[in-house]
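Each remark here refers to the structure printed beneath this line.
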Amino acid sequence: MAEQGRVAPARRRGLADEVADRIREAIFSGAYAPGAQLREAELSQALDVSRGPVREALLRLEREGLVRSAWHRGAAVTTLTPGDITELDSLRGALECLAVEQVVAHASDEDMTAIEQAADRMDRAADEHEMVRCDIAFHDAVYAAAHHARLEEAWQAIRSQVYLFLLTRIRVSAEESYLVHLPGEHRELTAALRARDTAVALGLFAAHRRVAFDVLTEAHSSATADETRDVAL
Numbered sequence: 753m754a755e756q757g758r759v760a761p762a763r764r765r766g767l768a769d770e771v772a773d774r775i776r777e778a779i780f781s782g783a784y785a786p787g788a789q790l791r792e793a794e795l796s797q798a799l800d801v802s803r804g805p806v807r808e809a810l811l812r813l814e815r816e817g818l819v820r821s822a823w824h825r826g827a828a829v830t831t832l833t834p835g836d837i838t839e840l841d842s843l844r845g846a847l848e849c850l851a852v853e854q855v856v857a858h859a860s861d862e863d864m865t866a867i868e869q870a871a872d873r874m875d876r877a878a879d880e881h882e883m884v885r886c887d888i889a890f891h892d893a894v895y896a897a898a899h900h901a902r903l904e905e906a907w908q909a910i911r912s913q914v915y916l917f918l919l920t921r922i923r924v925s926a927e928e929s930y931l932v933h934l935p936g937e938h939r940e941l942t943a944a945l946r947a948r949d950t951a952v953a954l955g956l957f958a959a960h961r962r963v964a965f966d967v968l969t970e971a972h973s974s975a976t977a978d979e980t981r982d983v984a985l
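Here the sequence shown is numbered in this note's numbering, starting from 753 and rising by one per residue.
So, in structure tokens, the structure goes:
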């Protein structure tokens, strides 16, 4: 038993962290779609590790909101419900409003350049998954430019779920539309930040979020209507 006033020895969790990184990347790359089962035995074999680190990794991803577990079904990639989408959108909006205000007030020219470069990379995205990666990187740059440590921590807490939100969007929207319109939207966001026009930037960021939110809510409504019709038939 540890003596009073002393902490117990730390456990090394490097392997579990690496496993979590690899599973997360597989989800983000589309290898595991929302709803896909994440079986410990299969992951253990694929990653050439024991089941212990896999189990720890899945728990970490569950805390991030990427994975959900049920005792009788095991772990699976999170499928966002309409309630999840609404809550995530509202929280992201609150954080993003503060981020925009902080960027306008405090970002350096170097910060603005980093945001612009992140937006420019969208023009070179080869497919929708790379576009999502660029989209998240753009918002990473915005939060970094805010120079607000606790705000960036709050963003990191929901970042994986926002990534899942965007992955869900590309599953229910036309690939061409997503690839074509997103770079232009982000150039407009960047220009408003560079001009340090808070009102315009807030309006553009809100409109940008609304597009994705509407795509997902309309898809859920259509799916519910189809299910209702099938039951009636």
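We put the CB at the ideal spot given by N, CA and C, even for glycine.
What first and last residue would you give for the beta strand (DSSP E) that runs through A828? Position 76 of the sequence shown, counted from the start, is the residue given in the question as residue 828. Segment 826-829, the beta strand (DSSP E) holding A828.
Assign G817 to buried or exposed, taking buried as 16 or more other Cβ atoms, counted over all protein chains shown, within 10 Å of its Cβ. Residue 817 sits at position 65 when you count from the first residue of the sequence shown. Label assigned to G817: buried.
From the DSSP output, in three-state form, read off V801 for me. Locating residue 801 in the sequence shown gives position 49, where the first residue counts as 1. Reduced to three states, the DSSP call for V801 is coil.
Hey, could you find the ends of the alpha helix (DSSP H) A772 is sitting in? Position 20 of the sequence shown holds residue 772. Element bounds for A772: 766-780.
Is DSSP giving R791 helix, strand or coil here? Here residue 791 corresponds to residue number 39 of the sequence shown, with the count starting at 1. Here R791 sits in coil by DSSP.
What number of angstroms, rounded off, separates the C-alpha of E880 from the C-alpha of D887? Stepping through the sequence shown from its first residue, residue 880 is reached at position 128. Stepping through the sequence shown from its first residue, residue 887 is reached at position 135. The straight-line gap from Cα to Cα measures roughly 10 Å.
A788 and A828: beta carbons closer than 8 Å? Along the sequence shown, one-based indexing puts residue 788 at 36. Along the sequence shown, one-based indexing puts residue 828 at 76. It is a contact, given that the beta carbons lie within the stated cut-off.
Helix, strand or coil: how does DSSP classify R807 here? Here the question's residue 807 lines up with position 55 in the sequence shown. The answer is helix: DSSP assigns R807 an H, G or I state.
Taking contact to mean 3 or more Cβ pairs, one atom from each stretch, closer than 8 Å, check whether the region 844-857 and the region 784-804 are in contact. no
Residues bridged to R820 by DSSP? Counting from one through the sequence shown, the residue named residue 820 turns up at place 68. DSSP output for R820 lists A828 as bridge partner(s).
Can you tell me whether DSSP reads P786 as helix, strand or coil? By one-based count along the sequence shown, residue 786 stands at place 34. Looking at P786 - three-state DSSP - the assignment turns out to be coil, as it is neither helix nor strand.
Given that a residue counts as buried once 16 or more other Cβ atoms are within 10 Å of its Cβ, and exposed if not, what is S912? One-based indexing of the sequence shown puts residue 912 at position 160. Buried.
To the nearest angstrom, how far is it from the Cα of E937 to the Cα of M874? Mapped onto the sequence shown, residue 937 falls at position 185. Mapped onto the sequence shown, residue 874 falls at position 122. Distance between the alpha carbons of E937 and M874 is about 10 Å.
What residues in its chain sit with their C-beta under 7 Å from that of R920, if we drop five residues either side in the sequence? Taking the sequence shown and counting its residues from 1, the one referred to as residue 920 is at position 168. For the sequence presented, residue 920 should be read as Thr rather than Arg. Result list for T920: P786, L832, L968, in chain order.
Under a Cβ-count criterion, where at least 16 other Cβ atoms within 10 Å of its own Cβ denotes burial, should W823 be classed as buried or exposed? Residue mapping note: residue 823 aligns to position 71 of the sequence shown, counting from 1. Residue burial is scored here from C-beta neighbours: W823 has fewer than 16 other C-beta atoms within 10 angstroms and is therefore classed as exposed.
Going along the chain, which residues of its own chain have a beta-carbon closer than 7 Å to the beta-carbon of H960, five neighbours each way excluded? Translated into the one-based positions of the sequence shown, residue 960 becomes position 208. Closer than 7 Å at Cβ, skipping near neighbours: E937, L941.
Which whole-angstrom value describes the C-beta separation of V746 and T950, a residue pair presumed to lie in contact below a C-beta threshold of 8 Å? Any property of residue 746 remains undetermined from this structure, which presents the chain solely from 753 to 985.
Do the CB positions of A772 and R812 come within less than 8 Å of each other? Position 20 of the sequence shown, counted from the first residue, corresponds to residue 772. Position 60 of the sequence shown, counted from the first residue, corresponds to residue 812. Result yes, Cβ atoms of A772 and R812 sit closer than 8 Å.
By the three-class DSSP mapping on this structure, what secondary structure does T833 have? Numbered from 1 along the sequence shown, position 81 holds the residue referred to as residue 833. Three-state DSSP puts T833 in coil, outside helix and strand.
Of the choices L840, M883, A793, A889, whose alpha-carbon is the least far from that of G782? The sequence position of residue 782 within the sequence shown is 30, counting from 1. When only C-alpha atoms are compared, the closest one is M883.
Look at L847 and L903 and say whether their C-beta atoms are less than 8 Å apart. Within the sequence shown, numbered from 1, the residue matching residue 847 stands at position 95. Within the sequence shown, numbered from 1, the residue matching residue 903 stands at position 151. Taking a C-beta distance under 8 Å as the contact criterion, L847 and L903 qualify as a contact pair.
Which same chain residues end up closer than 7 Å to P834 when comparing Cβ atoms and leaving out the 5 residues on each side of it in sequence? Numbered from its first residue, the sequence shown carries residue 834 at position 82. Around P834: T969, H972.
Is the beta carbon of I910 sitting closer than 8 Å to the one on R815? Taking the sequence shown and counting its residues from 1, the one referred to as residue 910 is at position 158. Taking the sequence shown and counting its residues from 1, the one referred to as residue 815 is at position 63. With contacts defined by Cβ atoms closer than 8 Å, I910 and R815 do not form a contacting pair.
Counting along the chain, where does the alpha helix (DSSP H) carrying M883 start and finish? The residue labelled residue 883 in the question sits at position 131 within the sequence shown. Residues 880-897.
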